[in-house]
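Peer 1: If you count the sequence shown from 1, position 31 lands on 126 in our numbering, and the numbers rise without skipping.
All residues carry an ideal CB built from backbone N, CA and C; glycine is no exception.
Below is the structure I would like to discuss, written out as structure tokens.
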Amino acid sequence: MEVHVQYQKMMTSESLTQLLMKKLEGLETKYSWLIKANVLFKTENDKSGEGKVCEIELSAPGPRIFAKSSSDDFEKSMANTIEDLRKQLEKRQATFATH
96 MEVHVQYQKM MTSESLTQLL MKKLEGLETK YSWLIKANVL FKTENDKSGE
146 GKVCEIELSA PGPRIFAKSS SDDFEKSMAN TIEDLRKQLE KRQATFATH
């Protein structure tokens, strides 16, 4: 799976990228039909302190799969986004006909 990572309004983070790649490898292992992942980490001005946003868009057969979450920490945002994607991928896989 091809992965594109962007950082918006923040410094790039090698450790965050490595953690992301590890989590995406887990998805790719289970769902081999994934083609590409576009990932965006950004900071937003949020008075509640939850301005750390992670957006992930997956290219796969059928409509694109997208999830976004924000929290006070990029790792939490990424974990929530990956979990949302996992649920969507399970539903998508259930629609595939097994031959």
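Roughly how many whole angstroms lie between the Cα atoms of Q188 and E109?
Peer 2: Translated into positions along the sequence shown, residue 188 becomes position 93. Translated into positions along the sequence shown, residue 109 becomes position 14. Computed Cα separation, rounded: 32 Å.
Peer 1: Is M105 buried or exposed, if buried means 16 or more other CB atoms sit within 10 Å of its CB?
Peer 2: The residue labelled residue 105 in the question sits at position 10 within the sequence shown. M105 is exposed by the Cβ-count criterion.
Peer 1: Counting Cβ pairs closer than 8 Å, one from the region 107–126 and one from the region 171–187, do we hit at least three?
Peer 2: yes
Peer 1: Classify F136: buried if its beta carbon has 16 or more other beta carbons within 10 angstroms, exposed otherwise.
Peer 2: Residue mapping note: residue 136 aligns to position 41 of the sequence shown, counting from 1. Classified as buried, F136 has 16 or more neighbouring CB atoms from the shown chains inside 10 Å of its CB.
Peer 1: Alpha carbons only, please: which of F191, T190 and S172 is nearest the one belonging to L115?
Peer 2: The residue given as residue 115 occupies position 20 in the sequence shown. Relative to L115, the option among F191, T190 and S172 whose CA is nearest is S172.
Peer 1: Given this structure, state the Cα-to-Cα distance separating E178 from E170, to the nearest angstrom.
Peer 2: Taking the sequence shown and counting its residues from 1, one reaches residue 178 at position 83. Taking the sequence shown and counting its residues from 1, one reaches residue 170 at position 75. E178 and E170: Cα-Cα distance of roughly 12 Å.
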